[in-house]
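Colleague: Reading the sequence shown from the start, the letters are residues 176 to 375 in this note's numbering.
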Amino acid sequence: MKGYTKPVLLIFLVLLADQVLKTWIKTNMYITQEYKIIGDWFIIHFTENNGMAFGLEFGGEFGKLALSLFRIVAVGGIGYGLHYLIKHKYHRGLILNLALIFAGALGNIIDSVFYGVIYKYAGLFHGRVVDMFYFPILRGTFPKWFPIWGGEPFEFFRPVFNLADAAISVGVIAIFIFQKTYFKEEVKDEIGINNESVED
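#1: Can you name, in chain order, every residue of its own chain whose Cβ lies under 7 angstroms from the Cβ of Leu188, other than the five neighbours on each side?
#2: Measuring alpha carbon to alpha carbon, tell me which of Phe221, Leu184, Phe332 ends up nearest Leu196.
#3: From which residue to which residue does the beta strand (DSSP E) around Thr222 run?
#4: Measuring straight from C-alpha to C-alpha, what distance separates Val292 and Tyr210?
#5: How far does the alpha helix (DSSP H) with Leu313 in it extend, from its first residue to its last?
#6: Okay, do the stretch 254-263 and the stretch 316-325 touch, 3+ Cβ pairs below 8 angstroms being the bar?
#7: Run through the stretch 178-205 for me and flag every whole beta strand (DSSP E) of 3 or more residues, listed as ranges in chain order.
#8: Given this structure, state the Cα-to-Cα distance separating Ala274 from Pro182, to the nearest angstrom.
#9: Pick helix, strand or coil for Tyr296, following the three-state DSSP scheme.
#10: In the DSSP output, what is Pro328 paired with across the bridge?
#11: Which ranges does the alpha helix (DSSP H) cover as unbroken runs of at least 4 residues, wholly within the stretch 247-278, from first to last along the chain?
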């Protein structure tokens with residue numbers, strides 16, 4: 176179990192926080208209800224979506240089922256990848272960020288697979304993902320001269336998301352930013368092996 180303690184603990188804590196928050200939102204708020212935490216730019220806004228992260232949709236009942244099954248397969252693949260990285264002693268930062276991605280994906284799977292049955296509004300695999308974090312940091316109107324959207328209102332940041340989405344995003348962004356650090360040692364090892372082969 177060496178090397179598994181921190182990733183497993185991180186996954187457990189993210190899942191626990193995600194599900195506790197979603198359960199509280201689901202059982203104490205109604206759809207579209209919101210609480211302003213910090214002015215008009217940090218709002219707890221209860222919404223649900225049938226699709227992907229940040230409220231993106233994936234068409235119809237068949238699309239919903241396909242998405243739920245795809246998520247399960249994807250999480251299985253991520254879980255195997257996490258096991259592989261730990262077993263082969265990859266960079267700890269890479270392992271923990273992949274654990275974040277795994278926890279976030281698993282958190283949303285729980286919603287889409289079980290929430291319909293738990294809250295009695297749909298069958299297995301047809302649940303809706305609970306979202307609540309809303310950051311409309313900047314609001315305004317496009318100038319009249321602006322192409323296509325001239326005169327129309329705009330808002331940044333528009334998507335409503337949850338803790339699981341945030342965990343996935345943080346994990347992916349961190350891996351992208353620190354990829355040279357995470358994979359540097361592996362490249363050096365491969366070079367060392369090739370050099371030994373040439374010398375033999």
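Each residue gets a CB set at the ideal place from its N, CA and C atoms; glycine is no exception.
Modeller: With the given structure in hand:
#1: Answer for Leu188: no residue qualifies.
#2: Out of Phe221, Leu184, Phe332, the CA that lies nearest to the CA of Leu196 is found in Phe221.
#3: Note, Thr222: beta strand (DSSP E), 217-224.
#4: Roughly 27 angstroms separates the two Cα atoms.
#5: Per DSSP, Leu313 is not a residue of any alpha helix (DSSP H); the beta strand (DSSP E) it occupies stretches across 313-316.
#6: Counting C-beta pairs closer than 8 angstroms gives fewer than three between the stretch 254-263 and the stretch 316-325, which falls short of the contact rule.
#7: Runs of the beta strand (DSSP E) inside the stretch 178-205: none found.
#8: The alpha-carbon atoms of Ala274 and Pro182 are separated by roughly 6 angstroms.
#9: Correct three-state label for Tyr296: coil.
#10: Paired residues: Thr316.
#11: Those alpha helix (DSSP H) runs which fall completely within the stretch 247-278 and span 4+ residues do not exist here.
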